[in-house]
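Input: a single structure, listed below in structure tokens.
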Ligand code: ADP
Ligand code: MG
Ligand code: ZN
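Numbering (the UniProt record's numbering), first residue to last: 156 to 749.
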């Protein structure tokens with residue numbers, strides 16, 4: 156039998172908006188449908204799964220960008236077991252042995268012929284027999300990128316299969332690991348650049364949930380699949396409630412109270428920024444009577460496995476973890492993801508919080524934030540000796556976006572995150588399912604370019620040259636004093652508002668915060684950011700959104716009971732309206748600093 160020639164496919168846009176019937180008009184559609192039901196036991200495709208399958212079955216490269224839990228695996232597992240065309244091998248590159256095990260076990264239980272190549276050297280020899288061209292070839296081979304890179308034997312096996320026309324496709328799962336910009340960069344992923352050179356005719360499928368456009372472009376460039384079909388599944392997760400809360404010394408008690416009152420007996424994850432913190436917080440939660448265990452990179456491997464299993468099997472409900480806990484976790488009924496320590500980027504936040512509610516039922520994502528913690532996070536980025544300057548700059552940028560998100564108590568959380576990913580979404584689509592939308596206060600946008608420039612000028616005056624370190628609090632106080640002086644008997648801007656302005660200047664890279672030490676103590680001081688001098692000199696545009704009225708007093712934590720619906724309703728009345736800057740000015744909102 157010969158492989159039929161690839162079907163012409165239209166060059167697809169980056170994002171599909173409407174499901175197209177065209178996707179069902181392929182010669183292999185009936186087999187694909189049958190396989191979905193018979194092998195995978197599923198009733199219908201999720202958005203763009205069929206399009207992804209079509210792309211690879213017609214010999215095209217594909218870039219699949221689905222959120223976590225979106226169903227990426229099916230996009231390559233189903234084509235791998237289709238008989239359409241010629242029998243051959245699908246090679247899946249996956250970064251973690253645990254991920255590989257999970258997927259291959261699930262496939263084996265469905266009767267799929269799959270072999271795996273883990274870390275040990277002998278294994279290639281063991282499965283070499285199985286990878287000879289011929290009718291007994293397995294459908295899939297899972298391997299780590301290191302294996303693909305270092306095993307010459309594997310390379311020659313693949314070359315032989317390729318010559319026999321039985322190397323059907325390469326699949327790069329968690330493809331963001333290729334990108335230096337990604338959070339999980341793996342140097343051995345970089346070598347996947349060779350796939351296109353060595354096997355120019357073998358289609359490549361790259362899959363990821365990390366949506367940042369820069370990372371996407373980098374993945375596509377590195378794999379040399381610029382003519383790929385790009386498929387993006389909507390990233391909005393309507394069942395998730397997003398909220399940011401101020402962090403204080405009472406935070407663990409708040410978390411314990413929240414779990415007891417709203418999530419008693421539910422499964423959840425609490426993320427912390429350091430190993431110590433994980434252990435401390437887990438202990439405090441246990442003292443508060445909750446079943447919590449910690450998890451981080453330094454705990455012994457056997458403990459890791461055990462903790463993960465106990466959590467997966469509902470024996471332990473709450474995991475307090477660093478981000479070491481996460482990739483490859485597929486528990487559908489996680490009811491809350493709480494960040495006790497802030498994530499270092501919105502990509503990270505989206506992924507981590509996205510582990511909640513994969514079953515589509517309501518779940519809470521709550522982040523505790525304190526500006527003072529950001530100094531430590533910046534410090535950690537800057538002191539990382541293995542990262543290049545470019546990477547550090549990128550990570551700092553990511554952190555600034557994260558700060559801006561936390562500081563922004565006005566714009567819809569969904570709009571903030573999804574716009575960062577380049578995904579269009581309106582506040583109405585949130586259906587009042589985040590703290591900022593639910594709070595219902597009307598907002599308006601204000602041009603703060605002037606006050607921002609003055610604030611940066613003041614910061615320069617206070618910090619450049621031989622001067623004593625200035626903390627953010629001091630800067631805000633001085634700014635407030637200066638403002639009061641110049642306002643005279645006129646209206647003054649509340650200090651809290653000036654603080655928001657200053658925080659925004661940090662988020663924009665106009666100001667910067669760096670750590671310094673006196674004796675045993677670490678402090679942070681204000682510096683002029685990389686864009687600061689130019690901004691002070693030439694000015695620049697900066698607008699901020701402010702609330703028109705006062706925030707309602709202390710709302711309760713988490714989504715209001717019974718408020719979630721999976722299909723977001725469009726109730727025009729429930730959504731707060733943004734007021735154009737020209738039409739509305741509250742005294743309270745007029746920032747005047749000069
Ligand atoms: P991802 O890799 O995108 O995070 P997975 O491939 O692990 O997601 O799939 C997540 C879950 O969704 C799995 O439990 C899978 O069985 C389920 N799933 C995938 N496709 C479908 C479908 N078409 N219908 C129902 N469930 C599906
Ligand atoms: Mg996956
Ligand atoms: Zn919202």
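No residue lacks a Cβ here, since even glycine has one placed at the ideal position from N, Cα and C.
Legend entry - Stretch-stretch touch, CB-based, cutoff 8 Å, three pairs: the segment 466–477 with the segment 411–423: These segments touch.
Legend entry - Reduced DSSP secondary structure (H/G/I, E/B, other) of residue 466: Assignment of residue 466 by DSSP, reduced to helix, strand and coil, places it in the helix class.
Inset, instruction - Could you tell me which residues DSSP pairs with residue 325 in its beta bridges? - result: Its beta-bridge partners are 246 and 359.
Inset, instruction - Would you mind sorting residue 582 into buried or exposed? The rule is 16 or more other CB atoms within 10 Å of its CB. - result: Its Cβ being crowded by 16 or more others within 10 Å, residue 582 is buried.
Inset, instruction - Using 7 Å as the cut-off, classify the Cβ of residue 480 as near or not near the heavy atoms of the ligand COA, replying yes or no. - result: Looking for the ligand COA in the displayed structure turns up nothing; the ligands present are the ligand ADP, the ligand MG and the ligand ZN.
Inset, instruction - Over the uninterrupted beta strand (DSSP E) stretch that includes residue 520, give me the two end residues. - result: Judged by DSSP secondary structure, residue 520 falls within the beta strand (DSSP E) whose first and last residues are 518–524.
Inset, instruction - Could you work out which residue in 458, 565, 521 and 627 is closest to residue 613 when comparing CA atoms only? - result: Per the Cα distances, 627.
Legend entry - residue 210 versus residue 261 - alpha carbon distance: Cα-Cα distance, rounded: 24 Å.
Inset, instruction - Taking residue 437 as the reference, give the member of 669, 375 and 493 with the closest Cα. - result: Closest option to residue 437, Cα to Cα, is 493.
Inset, instruction - Check residue 454 in the structure and name its three-state DSSP category. - result: Under the three-state reduction of DSSP output, residue 454 falls in the coil class, being neither helix nor strand.
Legend entry - Within 8 Å, strictly: CB atoms of residue 378 and residue 351: Going by beta carbons, residue 378 and residue 351 fall inside the 8 Å limit.
Inset, instruction - Give the DSSP-derived three-state secondary structure of residue 197 in the structure shown. - result: In the structure shown, residue 197 sits in coil (DSSP, three-state: anything other than H, G, I, E or B).
Legend entry - Pair within 8 Å by beta-carbon distance, residue 324 and residue 358: Going by C-beta atoms, residue 324 is nearer than 8 Å to residue 358.
Legend entry - Status (buried if at least 16 other CB within 10 Å, exposed otherwise) for residue 566: Within a 10 Å sphere around the beta-carbon of residue 566 sit 16 or more other beta-carbons, which makes this residue buried.
Legend entry - Alpha-carbon spacing of residue 528 relative to residue 576, whole angstroms: The alpha-carbon atoms of residue 528 and residue 576 are separated by roughly 25 Å.
Inset, instruction - Keeping to the same chain, check which residues put their C-beta closer than 6 Å to that of residue 727; ignore five residues upstream and five downstream. - result: Residue placement at residue 727 is flagged as unreliable, the pLDDT there being 30, under the threshold of 50; the coordinate-derived value follows with that caveat. Contacts found: none.
Inset, instruction - Compare the beta carbon distance of residue 532 and residue 499 with 8 Å and say whether it is the shorter of the two. - result: Residue 532 is a Cβ neighbour of residue 499, given a cutoff of 8 Å.
Inset, instruction - Identify which residue in 400, 442 and 396 has its Cα closest to the Cα of residue 415. - result: Checked all of 400, 442 and 396; the closest Cα to residue 415 is 442.
Legend entry - Cβ neighbour criterion (16 or more within 10 Å) applied to residue 573: Residue 573 is buried by the Cβ-count criterion.
Legend entry - Euclidean distance between Cα positions of residue 317 and residue 451: For residue 317 and residue 451, the distance between alpha carbons rounds to 42 Å.
Inset, instruction - Give me the Cα-Cα distance between residue 449 and residue 520, rounded to the nearest whole angstrom. - result: If I take the Cα positions, the gap works out to 19 Å.
Inset, instruction - Can you say whether residue 225 is buried or exposed, counting buried as having 16 or more other CB atoms within 10 angstroms of its CB? - result: Here residue 225 is buried. Its C-beta has 16 or more other C-beta atoms within 10 Å.
Inset, instruction - Using 10 angstroms around the beta-carbon of residue 327, count the other beta-carbons present and answer buried if the total reaches 16, otherwise exposed. - result: It counts as buried.
Inset, instruction - Go through its chain and collect everything with a Cβ distance to residue 488's Cβ below 7 Å, but skip five positions before and after it. - result: These residues qualify, in order along the chain: 422 and 514.
Inset, instruction - Using only the heavy atoms of the ligand MG, determine whether one of them is closer than 7 Å to the beta carbon of residue 228. - result: At least one heavy atom of the ligand MG lies closer than 7 Å to the C-beta of residue 228.
Inset, instruction - Answer yes or no: the CB of residue 224 versus the heavy atoms of the ligand ADP, is any distance below 7 Å? - result: Yes; taking the cut-off as 7 Å, the Cβ of residue 224 has a heavy atom of the ligand ADP nearer than that.
Inset, instruction - For residue 218, verify whether its CB is less than 7 Å away from any heavy atom of the ligand ADP. - result: With a cutoff of 7 Å, residue 218 does not count as near the ligand ADP, since its C-beta is closer than that to no heavy atom of the ligand.
Legend entry - Option nearest residue 368 by Cα separation, candidates 649, 320, 444 and 502: The closest CA to that of residue 368, considering only 649, 320, 444 and 502, is found on 502.
Inset, instruction - For residue 282, collect the residues of the same chain with a Cβ closer than 6 Å to its Cβ; drop the 5 residues on either side in sequence, then sort them by chain order. - result: Taking C-beta separations shorter than 6 Å and ignoring five residues to either side along the sequence, the partners of residue 282 in its chain run 270, following chain order.
Legend entry - Range of the contiguous beta strand (DSSP E) that encloses residue 401: Run containing residue 401: 395–401, per the beta strand (DSSP E) assignment.
Inset, instruction - Report yes if the C-beta of residue 527 is less than 7 Å from at least one heavy atom of the ligand ZN; otherwise report no. - result: Between the ligand ZN and residue 527, a heavy atom-to-CB distance of less than 7 Å is absent.
Legend entry - Pairwise C-alpha distance: residue 346 and residue 332: Put simply, the backbone Cα of residue 332 is about 11 Å away from that of residue 346.
Legend entry - Coil, strand or helix - residue 603 by DSSP: In this structure, residue 603 counts as coil in the three-state DSSP scheme.
Legend entry - Buried versus exposed call for residue 495 [16 or more other C-beta atoms within 10 Å across all chains shown]: Looking at its Cβ environment, which holds 16 or more other Cβ atoms inside 10 Å, residue 495 is buried.
Inset, instruction - Have a look at 454, 296 and 382 and flag the residue whose alpha-carbon is nearest the alpha-carbon of residue 434. - result: Considering only 454, 296 and 382, the residue with the shortest C-alpha distance to residue 434 is 454.
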